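Chemist: Per my numbering, residue 51 is the first one in the sequence shown, and the count goes up by one each step. Just so it is clear, CB atoms sit at the ideal spot from N, CA and C, and this is done for glycine as well. Bear in mind that the values here come from a model prediction, so they are computed numbers and not experimental data. Can you keep this structure in mind? I'll have questions shortly.
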Amino acid sequence: MKKFLLIALLAGGYYFYSISTENGHERIFDVANNPIPTSEYIKLRETQAIKMCETNAQSYNIDVNVCPKYISSKFPECKSKLPRDLPDFIDSKTVGVQVTSKYFECIAPWPHCNGKEIKNEFDARQFCKSI
């Protein structure tokens, strides 16, 4: 089971590396030169999570067509992970990380077994009985 989670995490890391120069993602990493409104930055991170799911759907054991709805459904609940006082603009990578890291971790796709998210070893034992 640990190998399954490791493979999924590696696939996610590769995804981030491979898309870092795409238009929206380039804007995420270039905020020091081109500050953007925080609300726009958060939307870019949401789009990034959806694309991450779509790109790695097979690795996560998710139907690619489900990804937009699956990730978007997490947005309302995960908003509580954003800081209470948001800056007007994101003007550095450090600020971007401080503002969205917990939120992105919450909305990011996770591997699935039998239709359930697997976030830890307990979940894996409970939902992945056939693996």
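Could you tell me whether the segment 116-127 touches the segment 88-108, using the rule of 3 or more Cβ pairs below 8 Å?
Modeler: The segment 116-127, when compared against the segment 88-108, does touch it at the 8 Å Cβ threshold.
Chemist: For C128 versus I157, is the C-beta spacing smaller than 8 Å?
Modeler: Cβ distance < 8 Å, so C128 and I157 count as in contact.
Chemist: Should T144 go down as buried or exposed, given a rule of 16 or more other Cβ atoms within 10 Å for buried?
Modeler: Result: exposed.
Chemist: Out of A82, V149, A107, K124, state which residue places its alpha-carbon closest to the alpha-carbon of I92.
Modeler: Per the Cα distances, V149.
Chemist: Do you know how far the Cα of K124 is from the Cα of G146?
Modeler: Distance between the alpha carbons of G146 and K124: 20 Å.
Chemist: Which runs of the alpha helix (DSSP H) at least 4 residues long sit entirely within the segment 133-157? Give them in chain order.
Modeler: DSSP runs (the alpha helix (DSSP H)) wholly in the segment 133-157: 143-157.
Chemist: Could you tell me the alpha carbon to alpha carbon distance between D173 and E167, rounded to whole angstroms?
Modeler: One C-alpha to the other measures close to 8 Å.
Chemist: Give the range of the alpha helix (DSSP H) segment to which K119 is assigned.
Modeler: Looking at the DSSP string, the run of the alpha helix (DSSP H) that includes K119 is 117-122.
Chemist: Could you give the C-beta distance for Y153 and K131, rounded to a whole number, given that I count them as a contact under 8 Å?
Modeler: Yes, Y153 and K131 are in contact; Cβ-Cβ is about 4 Å, under 8 Å.
Chemist: Identify the continuous alpha helix (DSSP H) that holds C178 and give its terminal residues.
Modeler: Here C178 belongs to no alpha helix (DSSP H), and DSSP marks it neither H nor E.
Chemist: Quick one: what's got a C-beta closer than 6 Å to I112's C-beta in the same chain, skipping five residues either side?
Modeler: So the qualifying residues of the chain are H162.
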